[in-house]
Amino acid sequence: MKDILKGFLELHFKKQVEVSYYYIRDLLLLSLFLDYFGLDNPLGIYALDLYPYMFEEFHLWHRSLGMERGGLDFLPCC
Amino acid sequence: MAQKSGYGEGRAGFSTVLLRRLVFFGGKGGVGKSTLSSATALRLSEKDRTLLVSVDPAHSLTGIFGMEIGPQVKILKENLYAVELSAEILVEEYAQRVLGAMGELLPSISSGLKEYSRHIKHSPTALETAVLDKLVELCDEYAFLVVDSAPTGQMLRLFETAHMVSGWFEFLFRLAKERQRLERFMGREDKLLTLIEERRRKLKTLESILREKAVIFAVANEERLSMQEMETLRERLKNFRVYPLLNRWLGMEWKGPRVGWVEEPYGLEGLKKLDVGEILELL
Chain A
1 MKDILKGFLE LHFKKQVEVS YYYIRDLLLL SLFLDYFGLD NPLGIYALDL
51 YPYMFEEFHL WHRSLGMERG GLDFLPCC
Chain B
1001 MAQKSGYGEG RAGFSTVLLR RLVFFGGKGG VGKSTLSSAT ALRLSEKDRT
1051 LLVSVDPAHS LTGIFGMEIG PQVKILKENL YAVELSAEIL VEEYAQRVLG
1101 AMGELLPSIS SGLKEYSRHI KHSPTALETA VLDKLVELCD EYAFLVVDSA
1151 PTGQMLRLFE TAHMVSGWFE FLFRLAKERQ RLERFMGRED KLLTLIEERR
1201 RKLKTLESIL REKAVIFAVA NEERLSMQEM ETLRERLKNF RVYPLLNRWL
1251 GMEWKGPRVG WVEEPYGLEG LKKLDVGEIL ELL
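Line order of the protein sequences matches chains A and B. Read in our numbering, the first sequence has 70 at position 70, and its numbers run on one by one without any break. Counting the second sequence from 1 gives a position; our numbering is that position plus 1000.
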């Protein structure tokens, strides 16, 4: 029963959830990588230890923005 | 002093039970902020454990006490400690701490992050956030913290940075939380939220300390320009407890707290000559 319910939910809502997920992800990455766009990052150095966690996502993200290479020296993801 | 644990090590929260007052002295350059902070800290140390912190990049405590102080907390006499914070060293320390842990986890990017930390050391926001971060940690261990601030402009920036970064983390936290909700639906896990939450809590602590325990003295002399800066400080920090204070008072009509003129009030003995009684009454 649980599986059927799960299947139903996924069938009907997966797409919408995915879309809003990408929307949120983009906003979050933009906020953490403000300097990437030449804007001042108010976090200063206090985002330093967040970056490794965002490493893989950053790669997917710049690809999805249409940029082949990340272009950040400190995050050699490509 | 023992190395304090920082971010990423799961510090649950900061106890600030011990802290009674966080006292700032601000105002135009040369009005006597450092001398007043020193004299006040000296008197407060008779009551309880006191730390005198200089956050002015051009430190002058060493000259006032006639002994080398520097970036490590140093004991001057019973219950009286002093430190001259160097933002650059703080940034360096923080980066080392983070990178040390990260290097083991992800060796492939640690050299890149090292490069990054070399550059970020000179970012103005980094310097302010580093100082604020250290202040919160120091609040843990003393009953009185007396802060000798940089001149007006920089001091205002310090307070504004605290507010801005806190607001920014609030926003990031909301985003990360929403993201986690969505990830959970898709059966994935997210570590980011815990990390952001930790920082947010630390900044909240800082904001509440500043709101509840901070007393700011806007120092001026009997001179027009320094009086003007005193007014600016008072206006811009009107959400905090700010008292205008007249130093080197010679007899001008003045209702607020004042400290009289004293010649060469330097060294542990010399500082006792300064009558800071009216300051202590307000703490």
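Don't be surprised by glycine CBs; every beta carbon is placed ideally from N, CA and C. Every value quoted in this text rests on a predicted model; they were computed, and no experiment measured them.
### Message
Taking beta-carbon pairs under 8 Å, can you tell me which members of the stretch 1178-1193 of chain B lie near chain A?
### Response
Glu1178, Arg1179, Leu1182, Glu1183, Phe1185, Met1186, Lys1191 and Leu1192
### Query
Quick one: what does DSSP say B:Ser1054 is sitting in, helix, strand or coil?
In the three-state reduction of the DSSP assignment, B:Ser1054 falls in the strand class.
### Query
Can at least three beta-carbon pairs, one atom from the stretch 1175-1190 of chain B and one from the stretch 1241-1251 of chain B, be found at a separation below 8 Å?
Too few Cβ pairs lie closer than 8 Å, so no.
### Task
Determine the contact status of B:Ser1038 and B:Ile1069, defining contact as a CB-CB distance below 8 Å.
no
### Task
Would you decide whether A:Tyr23 is buried or exposed? Buried here means 16 or more other CB atoms lie within 10 Å of its CB.
Answer is exposed; the Cβ neighbour count stays below 16.
### Simplified DSSP state of A:Ser20, which is helix, strand or coil
Secondary structure at A:Ser20: helix, using DSSP grouped into helix, strand and coil.
#### Entry: Any chain A beta carbon closer than 8 Å to B:Ala1176
yes
### Query
Is the closest heavy atom of the ligand COA to the C-beta of B:Trp1249 under 7 Å?
With respect to small molecules bound, the structure shown includes none, and the ligand COA cannot be examined in it.
### Message
Taking 8 Å as the threshold (C-beta atoms), are A:His59 and A:Gly66 in contact?
### Response
At a Cβ-Cβ threshold of 8 Å, A:Gly66 and A:His59 do not count as neighbours.
### Query
With a Cβ-Cβ cutoff of 8 Å, do B:Val1165 and A:Leu43 count as a contact?
yes
### Task
Name, going along the chain, the residues of the stretch 1-26 of chain A whose beta-carbon falls closer than 7 Å to a beta-carbon of chain B.
Val17, Ser20, Tyr21, Ile24 and Arg25
### Message
For B:Val1259, count the other beta carbons within 10 Å of its own beta carbon; 16 or more makes it buried, fewer makes it exposed. Which is it?
### Response
buried
### Query
What three-state label does DSSP hand B:Lys1028 in the structure shown?
Correct three-state label for B:Lys1028: coil.
### Query
Of all the residues that make up the stretch 1246-1260 of chain B, which are near chain A by a beta-carbon distance shorter than 8 Å?
none
### Query
How about A:Leu60: is its C-beta nearer than 8 Å to some C-beta of chain B?
Answer no: the Cβ-Cβ gap between A:Leu60 and chain B never drops below 8 Å.
### N- and C-terminal bounds of the beta strand (DSSP E) containing B:Tyr1081
Leu1080 to Glu1084
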